[in-house]
Amino acid sequence: MEKFFDLFKKNLKTLRLELRLLEPSAENAELIWNTLKAENRGDFAFINYSPKYDKPLPESVDDVLEIMKNDDKMAADNGVVWYIFHNNNLVGYQRIHYWPQSKTIQFAAVWFVKSAWGHGFSQEVHNTLEQISFEQLKVHRVTRQCMAGNLHSKKSIENAGYHLDGCVRDSHLMPDGTWMDHLTYTKLESEYKD
Ligand SMILES: CC(C)(COP(=O)(O)OP(=O)(O)OC[C@H]1O[C@@H](n2cnc3c(N)ncnc32)[C@H](O)[C@@H]1OP(=O)(O)O)[C@@H](O)C(=O)NCCC(=O)NCCS
């Protein structure tokens, strides 16, 4: 477990991006809020980066601070949360978890601001995390998942060569009262190509 934190619990760099660990502080919450407040909530309908179940994104700087504190607790045992910067501007978020019993890294949650979609940023981040997972940590598999209606995410995961393992039916109760399936994907050690 310690090795996991040594390799992952630090700031990382990819070709174009910086993944930074941010402390839950008023200053950092302000930075994230200033980035997210102008985003269209409809573009994030299939995530829950929010303290409120029926809201996809935070609605105030206090909400952001609450998310950061919750993430800190959630990540304490087996996870890492990064905020992603491009040219020193905050553009995204990534959370991962490690499950030692199954030698699995779960890429648990990711978002980018709309202006950062379509540049291959998610792929770039996942490539780096896969490299560390398979080449340094020697895990057996990595997992990704998305709501079935999240066409951008589904495409991004499938283009990255993940295998669709299954569909969890009616997994999410959506804010409008309808039910949404959840798709779960894996890539095994034997399927990894750097
Ligand atoms: C889902 C999401 C993370 C995908 O992010 P992304 O960075 O656009 O995804 P990818 O890295 O797979 O980028 C692929 C796109 O970039 C393009 N691209 C441009 N340069 C590229 C490069 N150097 N490498 C790879 N792709 C590149 C690809 O052609 C592709 O475009 P297309 O979708 O029009 O075919 C993003 O849409 C998002 O944040 N959505 C809202 C939150 C959300 O739903 N999160 C996921 C929850 S499961």
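Our numbering applies: residue 108 is where the sequence shown begins, and numbers increase by one.
The beta carbon of each residue, even a glycine, is placed where N, CA and C say it ideally should be.
Predicted, not measured: the structure shown is a model, and the values here were computed from it.
Strictly closer than 7 Å from CB to any heavy atom of ligand 1: give me those residues in the order they appear in the chain.
D150, F151, F153, I154, G199, A216, V217, W218, F219, A223, W224, G225, H226, G227, F228, S229, Q230, E231, Q252, C253, M254, N257, H259, S260, K262, S263, N266 and A267
Buried or exposed for P207, going by 16 or more other Cβ atoms inside 10 Å?
exposed
Assess contact between the segment 125 to 140 and the segment 187 to 197, defined as three or more Cβ pairs (one per stretch) separated by less than 8 Å. Is contact present? yes
Can you find the residues in the same chain that come closer than 7 Å, C-beta to C-beta, to R276, ignoring five residues on each side of it along the sequence? D288
DSSP has F214 in a bridge; who is on the other side?
I203
Exercise. Mapping DSSP to helix, strand and coil, what is N196?
Worked result: strand
Q.
Among K262, H270, W224 and K210, whose alpha-carbon lies nearest the alpha-carbon of L244?
A. K210
With distances taken between CB atoms, is the gap from V246 to I212 smaller than 8 Å? yes
Less than 8 Å separating the beta-carbons of T250 and T291? yes
Between which two residues does the alpha helix (DSSP H) containing D301 stretch? From DSSP, D301 is part of no alpha helix (DSSP H); its letter is neither H nor E.
Q. Excluding five sequence neighbours on each side, which residues of the same chain lie with their C-beta closer than 8 Å to the C-beta of S167?
A. W140
On the DSSP bridge list, what partners appear for I191? L126 and G199
Checklist line | Exposure of R148, with buried meaning 16 or more beta-carbon neighbours within 10 Å | finding: exposed
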